[in-house]
Amino acid sequence: MISKLRIRKIQHQDLHFVYKSICELEDEVLDFKVFEMIFKENISNPRNLYLIAENENEGLGFISFHTQNLLHHCGLVGEVQEFFIHQKYRGQGVGRLLINEILDFAEQNNLKSIEVTTNKKRVENVAIYENLGFTLSHNKFTIYK
644 MISKLRIRKI QHQDLHFVYK SICELEDEVL DFKVFEMIFK ENISNPRNLY
694 LIAENENEGL GFISFHTQNL LHHCGLVGEV QEFFIHQKYR GQGVGRLLIN
744 EILDFAEQNN LKSIEVTTNK KRVENVAIYE NLGFTLSHNK FTIYK
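For the sequence shown, my numbering begins at 644 and goes up steadily by one.
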């Protein structure tokens with residue numbers, strides 16, 4: 644396990660860490676000004692939970708979790724929107740700790756379910772999510788505009 648690992652809520656000063664992580668995850672350079680606007684909106688929304696895992700020197704990864712009331716669940720459902728662990732820290736339990744924080748949040752807030760979607764190009768993520776307790780139960784279809 645990584646020494647001095649801490650998980651906390653993301654704050655505005657974490658913007659650059661999250662931006663660099665998402666650009667790496669998506670393998671593209673995103674518009675920083677638009678990203679910053681969305682970041683500020685999302686971390687200030689009380690229905691969302693944004694967490695960072697860090698040691699005494701650097702950020703190791705982060706997770707973003709959004710909740711909403713859905714009619715077909717007749718209650719509150721959460722979805723992991725972004726989940727990123729830097730390559731050198733993968734396989735060391737950082738992701739599991741972040742997911743455990745989400746599970747605690749879900750239990751405290753009586754969520755009906757937790758969902759996560761992964762891009763088909765990230766084939767390895769299916770096994771990772773199953774190992775974390777998720778079940779492959781749905782198909783997701785997308786139209787890009």
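Just so you know, even glycine gets a beta-carbon here, dropped at the ideal spot from N, CA and C.
Going by DSSP, name the residue or residues bridged to residue i.
| i | result |
| --- | --- |
| G721 | T710, I757 |
| K652 | L694 |
| F726 | I706 |
Could you check the C-alpha separation between residue i and residue j for me, to the nearest Å?
| i | j | result |
| --- | --- | --- |
| H655 | K683 | 7 Å |
| F675 | H781 | 33 Å |
| T760 | G721 | 12 Å |
| N762 | I686 | 23 Å |
| E669 | T710 | 23 Å |
| I706 | E671 | 19 Å |
| F678 | F727 | 16 Å |
| Q724 | F708 | 6 Å |
| L714 | I742 | 25 Å |
In this structure, does DSSP put residue i in helix, strand or coil?
| i | result |
| --- | --- |
| G736 | coil |
| F748 | helix |
| D670 | coil |
What does the Cβ neighbour count give for residue i, buried or exposed, with the cut at 16 atoms within 10 Å?
| i | result |
| --- | --- |
| Y787 | exposed |
| V737 | buried |
| E697 | buried |
| L779 | exposed |
| A749 | buried |
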